[in-house]
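These protein sequence lines are chains W and D, in that order.
Position 175, counted from 1, in the first sequence is what full-length UniProt numbering calls 175; the numbers after and before it change by one each time, with no gaps.
Position 153, counted from 1, in the second sequence is what full-length UniProt numbering calls 153; the numbers after and before it change by one each time, with no gaps.
2 protein chains.
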Amino acid sequence: MEDEFAFISNITPKRSYQKTLVRGIGDDAAVYSGTQNMDEVVCVDTMVEGVHFRRDTLSPFQIGKKGLAINISDLAAMGAVPTYYLVSIAVPAAWTEGELTDLYKGMDELAKKYQMDLIGGDTVSTKDALVLTVTAIGIVEKGRARFRDQARAGDRLFVTGYVGSSAAGLDLLFEKSLDGVFTEQEQSLVKAHQEPKPHIEEGRLLATSSKRIALNDVSDGVASEAHELAESSGVRIVIEAGALPIHEAMEKYSRQRQIDLALFGGEDFVLIGTAQEEDVKQLQVIFHKKGLRFQVIGFVEEGEPSVWLKEEGQLKKIEKHGYNHFQKRG
Amino acid sequence: MEDEFAFISNITPKRSYQKTLVRGIGDDAAVYSGTQNMDEVVCVDTMVEGVHFRRDTLSPFQIGKKGLAINISDLAAMGAVPTYYLVSIAVPAAWTEGELTDLYKGMDELAKKYQMDLIGGDTVSTKDALVLTVTAIGIVEKGRARFRDQARAGDRLFVTGYVGSSAAGLDLLFEKSLDGVFTEQEQSLVKAHQEPKPHIEEGRLLATSSKRIALNDVSDGVASEAHELAESSGVRIVIEAGALPIHEAMEKYSRQRQIDLALFGGEDFVLIGTAQEEDVKQLQVIFHKKGLRFQVIGFVEEGEPSVWLKEEGQLKKIEKHGYNHFQKRG
Numbered sequence: 001m002e003d004e005f006a007f008i009s010n011i012t013p014k015r016s017y018q019k020t021l022v023r024g025i026g027d028d029a030a031v032y033s034g035t036q037n038m039d040e041v042v043c044v045d046t047m048v049e050g051v052h053f054r055r056d057t058l059s060p061f062q063i064g065k066k067g068l069a070i071n072i073s074d075l076a077a078m079g080a081v082p083t084y085y086l087v088s089i090a091v092p093a094a095w096t097e098g099e100l101t102d103l104y105k106g107m108d109e110l111a112k113k114y115q116m117d118l119i120g121g122d123t124v125s126t127k128d129a130l131v132l133t134v135t136a137i138g139i140v141e142k143g144r145a146r147f148r149d150q151a152r153a154g155d156r157l158f159v160t161g162y163v164g165s166s167a168a169g170l171d172l173l174f175e176k177s178l179d180g181v182f183t184e185q186e187q188s189l190v191k192a193h194q195e196p197k198p199h200i201e202e203g204r205l206l207a208t209s210s211k212r213i214a215l216n217d218v219s220d221g222v223a224s225e226a227h228e229l230a231e232s233s234g235v236r237i238v239i240e241a242g243a244l245p246i247h248e249a250m251e252k253y254s255r256q257r258q259i260d261l262a263l264f265g266g267e268d269f270v271l272i273g274t275a276q277e278e279d280v281k282q283l284q285v286i287f288h289k290k291g292l293r294f295q296v297i298g299f300v301e302e303g304e305p306s307v308w309l310k311e312e313g314q315l316k317k318i319e320k321h322g323y324n325h326f327q328k329r330g
Numbered sequence: 001m002e003d004e005f006a007f008i009s010n011i012t013p014k015r016s017y018q019k020t021l022v023r024g025i026g027d028d029a030a031v032y033s034g035t036q037n038m039d040e041v042v043c044v045d046t047m048v049e050g051v052h053f054r055r056d057t058l059s060p061f062q063i064g065k066k067g068l069a070i071n072i073s074d075l076a077a078m079g080a081v082p083t084y085y086l087v088s089i090a091v092p093a094a095w096t097e098g099e100l101t102d103l104y105k106g107m108d109e110l111a112k113k114y115q116m117d118l119i120g121g122d123t124v125s126t127k128d129a130l131v132l133t134v135t136a137i138g139i140v141e142k143g144r145a146r147f148r149d150q151a152r153a154g155d156r157l158f159v160t161g162y163v164g165s166s167a168a169g170l171d172l173l174f175e176k177s178l179d180g181v182f183t184e185q186e187q188s189l190v191k192a193h194q195e196p197k198p199h200i201e202e203g204r205l206l207a208t209s210s211k212r213i214a215l216n217d218v219s220d221g222v223a224s225e226a227h228e229l230a231e232s233s234g235v236r237i238v239i240e241a242g243a244l245p246i247h248e249a250m251e252k253y254s255r256q257r258q259i260d261l262a263l264f265g266g267e268d269f270v271l272i273g274t275a276q277e278e279d280v281k282q283l284q285v286i287f288h289k290k291g292l293r294f295q296v297i298g299f300v301e302e303g304e305p306s307v308w309l310k311e312e313g314q315l316k317k318i319e320k321h322g323y324n325h326f327q328k329r330g
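Rendered as structure tokens:
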């Protein structure tokens, strides 16, 4: 419990902002207080059964938890503090009431950690696949929200955690299914896929650091997110293959496979960004003190917006799109 | 154009609040300014193809327009001014790019009318039915939001427009399909179903009137919405059948059918509410001056939460649930 409180105090904005829910209205709407010192941040994401998740790789509890985590990660990428969320869900008859309850429990577990209130939503029936849409609302001190277009030549590229683990975990789930027997090492990869932890604390440290920082979250893989930073900022980004933080559970994988999973796997939900070299040193110290990861994985140059991989002295241009898990590997 | 401006000035809060979009982030998130004088209102609604709409009764343009209208109506029911919206859509391969563009055009047409900005969303693929989820954000002066639990014994029950028209229009569409030939009278019913007009101006008048008002919008039919008012407020509501505003295009229908469509049809998206008798008189004058409808259709009594229909001196208890169009009539 002490850790939990320390964590929460980290992410709460210092200017004594209190979120105030005026009231929720039935199932579909809510009223909450605005404030002059904060900007509001809102995100929405949709997960479709059979496209973004499958029932043989995620339990209903995990589907709910992940649906909210994806949105919290969007808030983290902007440096925001989560406040409220709304859930809209189209449910086919194949889902039991108990499974639907478990889905909501998964969201609730994560929401509690961030003191987010569920303030509305809509539950409707559908004939086919379950469709889960989460709207997440957050707040950030005026002018402190982080964006993707702040990368400049000379900056360092960083990530705030392991990359490739989620995709590796998904591969294991495809291989052995939800009820398979996993080694302890494999478990940590499976867990990275099933219950990713959004990097809100990391985003808050970056938002409140007074540095110029470009920021994004790793939802589609490092390659795709680096492309977004490069295109938004009009710069060339070089990723150093040897610097990518790969979880030790993937040590037995070939080097090529490790890098592929990191670059194109996606769903790691760590943060990726750029900052000036001198700021990076300070940030490393700050992150280290908090027991958080801050790993430099490349640098920013002038040039046509593009992303390159540097490996054993060789530079190779890498494409934007990671592959779709279910299409290429499912 | 003059009318349009007159309308907009009506719905803009007087305390010189300006909504300020800080910036949208790619496709999935946005930052906007909070303010101290206003509360924020947020709503979410989902429409599923084959459940909430069918392609033989609504064009893609109309599906988009209606998807947003439903949410704006939720804002209207709380007395809010619409500001922003986000669109999350799961699209099956059966939909062409052009049809999807038309769907967004439908939303855009309505959004322009209310000066709402599209600030984010998520477009994903699905194998089956299209699922459209709209999140709408609005603002209302602090303490002025209207709720459902404010009905008191002695109040009058009112609606702000025709009821039953949308369901009548849907019946005509089922009968003749989208390409059918409709008389001018029938057209007005079909239009009520396909392109409902949310009652934002009416909601704003009620929110700024300083009266005690209970409010809801008619999405599920007068019976269901009156039940929500009765249950939230702990009162008994009596609807006078003869007072229900029925569109002249339905004159040739039997009296029973008119009342059934009004009570259980739904999707009229007018407002339903209660106010004290003396306030009702003032509101009627204010609405009349603006050329808006304000029709008393019943009254509130003490008693177990319930809804009753009074017809030719007889009182009949009416159930909560309207019937589902597609199940019972499709």
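C-beta atoms are modelled at their ideal positions from N, C-alpha and C, and glycine is treated no differently.
Check	Outcome
CB of valine 44(D) within 9 Å of CB of isoleucine 89(D), strictly	no
Alpha carbon of tyrosine 84(W) to alpha carbon of glutamine 115(D), nearest angstrom	25 Å
For alanine 243(W): DSSP bridge partner residues	According to DSSP, which records beta bridges pairwise, alanine 243(W) is partnered with nothing at all.
Partners in chain D for glycine 291(W), counting only beta-carbon separations shorter than 8 Å	Under the 8 Å cutoff, chain D gives no residues; its nearest Cβ is about 28 Å from glycine 291(W).
Short Cβ contact (9 Å threshold) for valine 280(W) with valine 300(W)	no
Per DSSP, cross-strand counterpart(s) of threonine 46(D)	Thr133(D)
Lysine 65(D) burial status per 10 Å Cβ neighbour count (16 or more: buried)	buried
First through last residue of the beta strand (DSSP E) which encompasses valine 124(D)	117 to 125
Exposed unless 16 or more other CB atoms sit within 10 angstroms - verdict on alanine 94(W)	exposed
Cutoff 6 Å; reference glutamate 97(D); Cβ partners in own chain excluding five residues on either side	none
Under 9 Å (Cβ pairs) to chain W, residues found in the stretch 148 to 162 of chain D	Arg148
Three-state class that DSSP yields for residue 338(W) in the structure shown	Any answer about residue 338(W) is impossible in this case: the structure gives chain W only from 1 up to 330.
Range of the contiguous beta strand (DSSP E) that encloses alanine 145(D)	Unbroken run through alanine 145(D): none, as it is neither H nor E.
As assigned by DSSP and simplified to three states, the class of lysine 317(W)	strand
CB contact check: lysine 320(W) to chain D, cutoff 9 Å	no
Residue of Ala168(D), Thr135(D) and Leu68(D) minimising C-alpha distance to glutamate 251(D)	Ala168(D)
Beta carbon proximity, methionine 116(W) to chain D, threshold 9 Å	no
Terminal residues of the beta strand (DSSP E) in which proline 82(D) lies	81 to 91
As assigned by DSSP and simplified to three states, the class of glutamate 225(W)	helix
Given residue 339(W) as reference, the closest of Val235(W), Gly120(W), Arg156(W) and Gln276(W) once Cα atoms are compared	Outside the shown range of chain W, which is 1 to 330, sits residue 339(W), and nothing can be said about it.
Other residues of its chain near glycine 161(D): CB distance less than 6 Å, five sequence neighbours each side excluded	Val270 and Arg293
Glutamine 150(W) vs isoleucine 72(W) beta-carbon contact at 9 Å	no
Spatial distance of arginine 152(W) from arginine 236(W) (CA atoms)	9 Å
CA-to-CA distance, leucine 263(D) to phenylalanine 307(D), given in whole angstroms	According to the sequence provided, residue 307(D) is valine. The question's phenylalanine does not apply to it. Cα-Cα distance, rounded: 11 Å.
Under 7 Å by beta carbon: chain D residues contacting glycine 120(W)	Val42, Cys43 and Val44
Residues sharing a beta bridge with arginine 293(W), DSSP	In the DSSP output, where bridge partners are listed per residue, arginine 293(W) has none listed.
Cβ of alanine 129(W) within 9 Å of any chain D Cβ	yes
Own chain partners of glutamine 185(W) with C-beta closer than 7 Å, once the 5 adjacent residues on each side are dropped	Ala249
Asparagine 216(D), buried or exposed, once every other Cβ within 10 Å from all chains shown has been counted against 16	buried
Proximal residues to alanine 243(W) (C-beta, below 8 Å), its chain only, five neighbours per side dropped	Gln295, Val296, Ile297 and Gly298
N- and C-terminal bounds of the alpha helix (DSSP H) containing lysine 310(D)	Where lysine 310(D) is concerned, there is no enclosing alpha helix (DSSP H), although the beta strand (DSSP E) it sits in stretches over 306 to 311.
Proximity of leucine 309(D) and isoleucine 246(D) at Cβ, strictly below 9 Å	no
Touch test, the stretch 170 to 185 of chain W against the stretch 124 to 136 of chain W, Cβ-Cβ under 8 Å, three pairs minimum	no
Candidates Lys317(W), Arg255(W) and Thr274(W), of which the one nearest arginine 156(W) by Cα	Thr274(W)
Proximity of threonine 57(D) and phenylalanine 174(D) at Cβ, strictly below 9 Å	yes
C-beta atoms of leucine 86(D) and leucine 118(D) nearer than 9 Å	yes
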